[in-house]
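Here the structure is laid out as structure tokens; the discussion comes afterwards.
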Amino acid sequence: MFEQHLQYLQDNDFKVLQLKTMLERLDNDDLPNKCVVLTADDAYQSMVKNAYPLLKKYQMPMSVFISSEPVDKKYPAMTTWQQMRSMQGDLMQFYNHTMTHPYLLDLNKTQIKTQITQTQNRLNQELNQHNKIFAYPYGEASLEIFKQVKDLGYSAFGQYSGVVSKMSHRQNLPRFPMAGDYAKMLSFKTKVNALPMPIKLKNINPIFTQNPPTLELEFFESLSKHQKANLNCFANGGVNMTWQGDKSVKIVAKKPLTERRSKYNCTMPSQQKSSYYWYSIQWINPEIKK
34 MFEQHLQYLQ
44 DNDFKVLQLK
54 TMLERLDNDD
64 LPNKCVVLTA
74 DDAYQSMVKN
84 AYPLLKKYQM
94 PMSVFISSEP
104 VDKKYPAMTT
114 WQQMRSMQGD
124 LMQFYNHTMT
134 HPYLLDLNKT
144 QIKTQITQTQ
154 NRLNQELNQH
164 NKIFAYPYGE
174 ASLEIFKQVK
184 DLGYSAFGQY
194 SGVVSKMSHR
204 QNLPRFPMAG
214 DYAKMLSFKT
224 KVNALPMPIK
234 LKNINPIFTQ
244 NPPTLELEFF
254 ESLSKHQKAN
264 LNCFANGGVN
274 MTWQGDKSVK
284 IVAKKPLTER
294 RSKYNCTMPS
304 QQKSSYYWYS
314 IQWINPEIKK
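For the sequence shown, this note's numbering gives the first residue as 34, with consecutive numbering after it.
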């Protein structure tokens with residue numbers, strides 16, 4: 034399926050950028066149309082055996098977020114530092130995914146800093162990798178963790194769906210999952226052609242206190258009746274949507290969220306053929322055991 038994804042990107046003239054290049058161009062508001070970035074979490078041996086040969090075949094780069102301790106302990110399933118050095122270059126880069134892949138919400142600030150800085154030190158030592166780019170284990174974080182990661186100088190990625198834009202929170206950047214059922218071609222095509230929802234992005238705490246939580250979307254411009262009717266939002270068990278005029282809508286799940294990690298996804302057709310606006314938020318309930 035991965036090769037089908039790469040073939041589609043090639044056949045449809047997508048620009049596949051290195052992650053660090055995307056972030057630099059995002060800062061300059063200079064992203065090309067139809068561009069994507071490929072990422073993966075955890076440097077398993079499948080990177081060497083399956084992904085890297087296809088990346089070479091199609092000449093498309095990928096960035097991999099690694100946890101350093103499993104590599105240092107030479108777990109058989111993990112890529113070795115030597116293998117990473119042999120792949121690192123224009124087609125493969127490796128970035129920070131903490132030392133032991135913990136649930137950061139269980140750690141204090143000192144422990145979180147150790148998890149991040151220790152792995153950055155290992156990346157520096159083994160791969161001469163100094164770019165401060167991070168992905169949260171399990172996609173879990175809070176407003177406090179976002180701030181700490183920012184103070185440490187990192188851009189950071191979650192594990193929830195969405196399109197990166199100049200409005201995106203630099204310590205909570207979205208990524209579309211493309212594994213399992215999410216990897217099917219129809220889903221893949223929809224996601225790589227998606228556009229950022231035209232809303233004012235707010236710094237929302239993923240840790241909610243009211244269950245189910247309420248999400249409010251505020252659009253830049255008033256929506257037509259047709260657009261309002263075609264804004265669809267999803268959560269397990271469905272959602273209730275309450276419009277407040279033509280620019281603001283409140284979304285709340287019909288039932289309490291029962292998983293540790295839950296999502297609200299919203300889509301709306303755009304004026305571009307076969308393209309949808311997309312917005313997603315991941316909610317986290319730390320009281321639910323892992």
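The beta-carbon is built from N, C-alpha and C at its ideal position, and this holds for glycine as well.
Under the DSSP definition of a beta bridge, Gly271 lacks any partner. In this structure, Lys287 sits away from Ile314, with a CB-CB distance that is not shorter than 9 Å. Looking at the backbone, the Cα of Pro210 and that of His38 are separated by about 13 Å. Of all alpha-carbon atoms in Lys107, Pro245 and Lys258, the one lying nearest the alpha-carbon of Thr291 is that of Pro245. Contact annotation, Tyr312 with Gly191: C-beta distance approximately 13 Å; criterion of less than 8 Å not satisfied.
Counting along the chain, Phe167 sits inside no alpha helix (DSSP H); it lies in the beta strand (DSSP E) bounded by residues Ile166 to Ala168. Counting C-beta atoms within 10 angstroms of its own C-beta, Ala73 has 16 or more neighbours from the protein chains shown and is therefore classed as buried. Excluding five sequence positions before and after Leu88, the CB atoms of its chain that fall closer than 6 Å to its own CB belong to Met95 and Leu124, given in chain order. Between Ser198 and Leu50, the C-beta gap is not smaller than 9 Å, which leaves the two residues out of contact. In the DSSP assignment, Arg155 falls outside any beta strand (DSSP E) and lies within the alpha helix (DSSP H) extending over Lys142 to Leu160. Boundaries for Val197: no beta strand (DSSP E) harbours it, and the DSSP string shows neither H nor E there. Around Leu56, the same chain offers Ser188 as residues with beta carbons nearer than 6 Å, after the five sequence neighbours per side are excluded. With fewer than 16 other beta carbons inside 10 angstroms of its own, His163 counts as exposed. If you check the CB distance, Phe127 and Ala84 do not come in under 9 Å. Under the three-state reduction of DSSP output, Asp214 falls in the helix class.
Asp46 and Leu64 have their C-alpha atoms some 15 Å from each other. Straight through space, the alpha carbons of Trp114 and Val104 are spaced by roughly 7 Å. DSSP places Pro302 in the strand class (E or B) of the three-state scheme. Counting C-beta atoms within 10 angstroms of its own C-beta, Pro239 has 16 or more neighbours from the protein chains shown and is therefore classed as buried. For Pro302, the CB contacts under 7 Å within the same chain, skipping 5 residues up- and downstream, are Asn263 and Tyr309 in chain order. According to DSSP, residue pairing for Phe241 in a beta bridge does not occur.
It is roughly 6 Å from the alpha-carbon of Phe252 to the alpha-carbon of Lys233. Cα atoms of Lys67 and Asn298: separation of roughly 22 Å, rounded to the nearest angstrom.
For the pair of segments examined, the stretch 172 to 180 was found not to touch the stretch 210 to 219: the number of CB pairs separated by less than 8 Å stays below three. Assignment of Leu137 by DSSP, reduced to helix, strand and coil, places it in the helix class.
DSSP, reduced to helix, strand and coil, places Leu228 within a strand of the structure shown. Collapsing the DSSP output to three states places Ala174 in coil. The residue from Gln151, Thr112 and Val70 with its alpha-carbon nearest to that of Met93 is Val70.
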